[in-house]
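Asker: Quick one: this structure, given as structure tokens, is what I'll be asking you about.
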Amino acid sequence: MNITFPHLGNTYIAAKVLFDALDVEYTIPPISTKKTLEIGCLHSPDDICLPFKIMIGNYIESIEKGADTVLITGSCGPCRFGEYCELQKKVLMSLGRQINFIVIDEPSKIGIKEFLNRLSSVAKDSRLSIYKKIKALNMALKAINLIDEIEKECRFFAGYEKNKGEFSKLLKDVKREAIESKGAEGTLKVLENYKDKVDRIEIDNFKTPIKIGIIGEIYTIIDSLSNLYIEDILMNLGVSTKRTLYPSWWVKNTALSALKINRSPIYKEAKHYLGMCIGGHAQECVGEAMLNYKMRFDGLIQIFPVGCMPEIVSKAILPDIEKRYNIPILSLVVDEMTGEAGYYTRIEAFLDLIEGRKRMCI
Ligand code: SF4
């Protein structure tokens, strides 16, 4: 068995740690590029959402390198994500690929026994003891928490850095070194070193950069290819950005929800507008908009793919938040046809607007 998985932010680093520690065969898909998207679009239904297409591109690129099993998380929720696995299997079968899928669904949806069965099938080729397998899982969790924490700090403090470009360089370096490192221990050592380094970068607390909250559909806000590298662009412009939806957040949120002890303030803040899950992360989008307003962010950028049902609902709610709480919100809808020039012009115009508002307040 040679396992692969779709890219989602920094998960490939945690996956490397997990599979290295388990000593099983795996293939990390090449970092998503326009070619990945082209491959995905060629083989996906036209009107399916963008994440599906990029994932298909990831699978095909991995299969060409020898992968024969796909590991993904599932969702029984009401949006299309609940159908991804079945549809993706069909797409790959129509291409003559007999690929096995391991779908990690929430224990509350498939039962704890089935959940454990599926988890153990990931490690079925590993000869390690149960204790060592659990240790491998812990190491992967540690890795995802570390790399997400490093990225969060880099993205936020980029607006305060004394020497321009330090956080951006560090972020690129840590990802490159982590993936080039040998073994699970080696990767964790790289991440721990960089966690120290990021804390030592000099910042200027007297700076007052524009602060933007990134909200919207989880895949498109995490995956740089689908959001046309928006966080990197803002970082290079000296804008501080904050996003809550990282893979490490997803792991924690899913575990706490399964145990019915999730007390995240996001849901409390969203309740007035959206009191129930309608699929995707619409509730989180609305709740985060409110939290970012309370944290005095200067503006919000919502990103979601064309046709994303849950985010269309949150997009309808955001204008009320914008008006009532006087916080500018820009909604960007993306797909494979999104033109870079128009996209960047909208972001620049939005930043100009915020800068003007900040000047008026001085
Ligand atoms: S949340 Fe939106 S983009 Fe993601 S699967 Fe559901 S409909 Fe598609």
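First residue of the sequence shown: 18, per my numbering; consecutive thereafter.
Cβ atoms here follow ideal geometry from the backbone N, Cα and C, with glycine treated the same way.
Remember, it's a predicted structure, so these values are computed and weren't measured experimentally.
1. Which residues does DSSP list as the beta-bridge partners of Leu347?
2. Going by CA-CA distance only, name the one from Ala306, Glu305, Ala299 and Asn343 that's closest to Val330.
3. Within the continuous beta strand (DSSP E) that includes Val120, where are the two ends?
4. Below 6 Å CB to CB, which residues in the same chain sit around Val323 once its five sequence neighbours on both sides are set aside?
5. Is the beta carbon of Leu317 less than 7 Å from the beta carbon of Val303?
6. Quick one: measure Cβ to Cβ for Leu276 and Leu154, integer angstroms, because I've assumed they're closer than 8 Å.
7. For Pro23, count the other beta carbons within 10 Å of its own beta carbon; 16 or more makes it buried, fewer makes it exposed. Which is it?
8. Grab the span of the beta strand (DSSP E) containing Ile238 for me, first residue to last.
9. Considering only DSSP beta bridges, list what Glu100 is partnered with.
10. Just to confirm the assignment, what range does the beta strand (DSSP E) spanning Val139 have?
11. Could you pull out every unbroken alpha helix (DSSP H) segment of at least 4 residues lying fully inside the stretch 183-237, listed in chain order?
12. Flag Met293 as yes when its Cβ comes closer than 6 Å to any non-hydrogen atom of the ligand SF4, and as no otherwise.
13. Quick check on DSSP: helix, strand or coil for Ser331?
14. CA-CA distance, Val108 and Ser61?
15. Apart from the five residues on each side of it in sequence, which residues of its chain come closer than 8 Å, Cβ to Cβ, to Ala140?
16. Considering only heavy atoms of the ligand SF4, does any lie closer than 6 Å to the CB of Met72?
17. Between Val96 and the ligand SF4, is the CB less than 6 Å from at least one heavy atom?
18. The alpha helix (DSSP H) that contains Leu25, what's its start and end?
19. Just checking Ser305 against the ligand SF4 - is the residue's beta carbon closer than 6 Å to any of the ligand's heavy atoms?
20. Just to check, is the beta-carbon of Glu168 closer than 6 Å to a non-hydrogen atom of the ligand SF4?
21. To the nearest angstrom, how far is it from the Cα of Ser265 to the Cα of Gly57?
22. With distances taken between CB atoms, is the gap from Ser49 to Leu251 smaller than 7 Å?
23. Buried or exposed: which applies to Arg260, given that a residue is buried once 16 or more other Cβ atoms fall within 10 Å of its Cβ?
24. State yes or no: is the C-beta of Phe173 within less than 7 Å of the C-beta of Ser79?
25. Please report the Cβ distance between Asn19 and Thr86, rounded to the nearest whole angstrom; I am assuming they are in contact, meaning their Cβ atoms lie under 8 Å.
26. Quick check on DSSP: helix, strand or coil for Lys259?
27. Can you check whether the CB of Thr237 is closer than 7 Å to the CB of Ile119?
28. Return the bridge partner residues of Tyr43 from the DSSP annotation.
29. What does the Cβ neighbour count give for Gly233, buried or exposed, with the cut at 16 atoms within 10 Å?
30. What's the gap between the Cα of Tyr263 and the Cα of Ala306?
31. Who are the Cβ neighbours of Glu372 in its own chain at under 7 Å, not counting the five residues just before and after it?
32. Quick one: Cα of Glu103 to Cα of Asp221, how far?
33. Return yes when the Cβ of Ala31 is within less than 7 Å of the Cβ of Ile161, no when it is not.
34. Might you give, ordered along the chain, the residues of its own chain that have their beta carbon closer than 7 Å to the beta carbon of Lys159, omitting 5 neighbours on each side?
35. Going by C-alpha to C-alpha distance, which of Lys82, Leu347 and Lys189 sits closest to Ala366?
Answerer: Once the coordinates are examined:
1. For the purposes of this step, residue 347 is identified with residue 330 of the sequence shown, where counting begins at 1. Partner(s): Ile318.
2. As a working note, residue 330 is residue 313 in the sequence shown. Measuring from the Cα of Val330, the nearest candidate turns out to be Ala299.
3. Here residue 120 refers to the residue found at position 103 when the sequence shown is read from its first residue. Counting along the chain, the beta strand (DSSP E) containing Val120 begins and ends at Asn117 to Ile121.
4. Locating residue 323 in the sequence shown gives position 306, where the first residue counts as 1. Cβ neighbours of Val323 beyond the five flanking positions: Val350 and Asp352.
5. As a position in the sequence shown, residue 317 is number 300, starting the count at 1. As a position in the sequence shown, residue 303 is number 286, starting the count at 1. The answer is no: Cβ separation not under 7 Å.
6. Numbered from 1 along the sequence shown, position 259 holds the residue referred to as residue 276. Numbered from 1 along the sequence shown, position 137 holds the residue referred to as residue 154. Contact flag wrong, Cβ pair sits at about 17 Å.
7. The residue given as residue 23 occupies position 6 in the sequence shown. Its Cβ being crowded by 16 or more others within 10 Å, Pro23 is buried.
8. Translated into positions along the sequence shown, residue 238 becomes position 221. From DSSP, Ile238 is part of no beta strand (DSSP E) but of the alpha helix (DSSP H) over Ile235 to Ile239.
9. The residue you call residue 100 lines up with position 83 of the sequence shown. Glu100 pairs with nothing; no bridge assigned.
10. For the purposes of this step, residue 139 is taken as residue 122 along the sequence shown, with counting starting at 1. Element bounds for Val139: not the beta strand (DSSP E) but the alpha helix (DSSP H), Ile129 to Val139.
11. 183-197 and 200-217
12. As a position in the sequence shown, residue 293 is number 276, starting the count at 1. No, since every heavy atom of the ligand SF4 falls outside the 6 Å radius drawn around the Cβ of Met293.
13. Start at 1 with the first residue of the sequence shown, and residue 331 comes out as number 314. DSSP places Ser331 in helix when its eight states are reduced to three.
14. One-based indexing of the sequence shown puts residue 108 at position 91. One-based indexing of the sequence shown puts residue 61 at position 44. Rounded to the nearest angstrom, the two C-alpha atoms are 7 Å apart.
15. On the sequence shown, position 123 is the one that residue 140 refers to. If we look at Ala140 and ignore the five residues flanking it on each side, its Cβ neighbours are Leu39, Val41, Lys150 and Ala153.
16. Position 55 of the sequence shown holds residue 72. With a cutoff of 6 Å, Met72 does not count as near the ligand SF4, since its C-beta is closer than that to no heavy atom of the ligand.
17. If you number the sequence shown from 1, residue 96 lands on position 79. The residue asked about is misnamed: residue 96 is Cys in this sequence, not Val. Because some heavy atom of the ligand SF4 lies under 6 Å away, the Cβ of Cys96 counts as near it: yes.
18. Taking the first residue of the sequence shown as 1, we reach residue 25 at position 8. From DSSP, Leu25 is part of no alpha helix (DSSP H); its letter is neither H nor E.
19. Residue 305 sits at position 288 when you count from the first residue of the sequence shown. Sequence check: residue 305 is Glu here, not Ser. No.
20. As a position in the sequence shown, residue 168 is number 151, starting the count at 1. Because no heavy atom of the ligand SF4 lies under 6 Å away, the Cβ of Glu168 does not count as near it: no.
21. The residue given as residue 265 occupies position 248 in the sequence shown. The residue given as residue 57 occupies position 40 in the sequence shown. Looking at the two C-alpha atoms, the distance is approximately 26 Å.
22. Along the sequence shown, one-based indexing puts residue 49 at 32. Along the sequence shown, one-based indexing puts residue 251 at 234. Cβ distance not < 7 Å, so Ser49 and Leu251 don't count as in contact.
23. The count along the sequence shown starts at 1 and reaches residue 260 at position 243. Burial call: buried.
24. As a working mapping, residue 173 is identified with position 156 in the sequence shown. As a working mapping, residue 79 is identified with position 62 in the sequence shown. In this structure, Ser79 does not lie closer than 7 Å to Phe173 by Cβ.
25. Indexing the sequence shown from 1 puts residue 19 at position 2. Indexing the sequence shown from 1 puts residue 86 at position 69. Contact flag correct, Cβ pair sits at about 7 Å.
26. Against the sequence shown, residue 259 aligns to sequence position 242. Looking at Lys259 - three-state DSSP - the assignment turns out to be strand.
27. Taking the first residue of the sequence shown as 1, we reach residue 119 at position 102. Taking the first residue of the sequence shown as 1, we reach residue 237 at position 220. No, the pair does not count as a contact, with Cβ atoms beyond the cut-off.
28. The residue you call residue 43 lines up with position 26 of the sequence shown. In the DSSP output, where bridge partners are listed per residue, Tyr43 has Ile20.
29. For the purposes of this step, residue 233 is identified with residue 216 of the sequence shown, where counting begins at 1. The residue is buried, with at least 16 neighbouring Cβ atoms inside 10 Å.
30. Here residue 263 refers to the residue found at position 246 when the sequence shown is read from its first residue. Here residue 306 refers to the residue found at position 289 when the sequence shown is read from its first residue. Those two C-alpha atoms are separated by around 16 Å.
31. Residue 372 sits at position 355 when you count from the first residue of the sequence shown. These residues qualify, in order along the chain: Ile227.
32. Within the sequence shown, the letter at position 86 stands for residue 103. Within the sequence shown, the letter at position 204 stands for residue 221. Roughly 51 Å separates the two Cα atoms.
33. For the purposes of this step, residue 161 is identified with residue 144 of the sequence shown, where counting begins at 1. For the purposes of this step, residue 31 is identified with residue 14 of the sequence shown, where counting begins at 1. Contact flag set, yes.
34. In the sequence shown, the residue the question calls residue 159 occupies position 142. Closer than 7 Å at the Cβ level, and outside the excluded window around Lys159, lie Leu205.
35. Looking up residue 366 in the sequence shown gives position 349. Comparing Cα positions, the closest option is Leu347.
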